[in-house]
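If you count by mature numbering (1 follows the signal peptide of the UniProt record, and there is no 0), then the sequence shown holds residues -19 to -1, 1 to 127, one letter each, in order.
C-beta atoms are modelled at their ideal positions from N, C-alpha and C, and glycine is treated no differently.
Fair warning: this is a prediction, and the values are worked out from it, not measured in the lab.
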Amino acid sequence: MKSVKILFIVFLFVTNSYAQTKIEAKDAIHYITNSIDYPITGTYTFKGTEPVVELNGGGTGFYQLHEQPKRAMNWGIECDDSGAPKFIKGFDSAAYTLWYQYTTKSDSDEDDDMNWTAVEFTIHFNTLKMFIQGERSKDYNEPTGK
């Protein structure tokens, strides 16, 4: 009975560690995850103010373009079909692809504005900063065990 409980716990851990969602962008099918080995949820600001991007747990949040209101969206970091995040490791950084899609249509939207959109997401290890599109940032603490 004890070994069944251990197997069940391991199964839950493996299942949650590699959770991914399949999305259809204009160019192809992609997979996204909301979890990587770094604390990516939070508010990313432009020079300490608006426009902001808010990444909440579970793949929801808000994305604000310059001189526009915040809009609700779904988001994820690109991963492979098994849920492992795809990234390019640099000397003191890692570059990921953040995908987002607005959840509501505004009056000024065109059809393309509701598609999944890819933007750059980078982590800079020496400065302990994360960036979205190279301009919106947040500080983070180094995860334990790294």
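Counted within 10 angstroms of its Cβ, other Cβ atoms place residue i as buried (16 or more) or exposed
i: K28; result: exposed
i: S118; result: buried
i: F102; result: buried
i: E58; result: It is Ile, not Glu, that sits at residue 58 in the sequence shown. With 16 or more other Cβ atoms within 10 Å, it is buried.
i: Q49; result: exposed
Bridge partner(s) assigned by DSSP for residue i
i: I104; result: A75, M111
i: S118; result: T26, F112
i: T2; result: I13
i: N55; result: T41, Q82
i: K70; result: A75
Sequence-distant residues of its chain with Cβ nearer than 8 Å to residue i (five each side left out)
i: A53; result: T41, G42, F43, Y83, T84, T85
i: L109; result: D120, Y121, N122, E123
i: M95; result: Q82, Y83, K86
Span separating the alpha-carbon of residue i from that of residue j
i: Y12; j: F68; result: 13 Å
i: F112; j: D61; result: 22 Å
i: A76; j: D18; result: 13 Å
i: A(-1); j: S63; result: 8 Å
i: E31; j: I21; result: 18 Å
Close beta carbons around residue i, own chain, < 7 Å, minus the five adjacent residues each side
i: F106; result: D73, S74
Nonlocal neighbours in the same chain, by C-beta distance under 6 Å from residue i, ignoring five residues either side
i: A99; result: T78, W80
May I have a chain-ordered list of the beta strand (DSSP E) segments no shorter than 3 residues that lie completely inside the segment 15 to 51?
23 to 27, 30 to 36, 41 to 44
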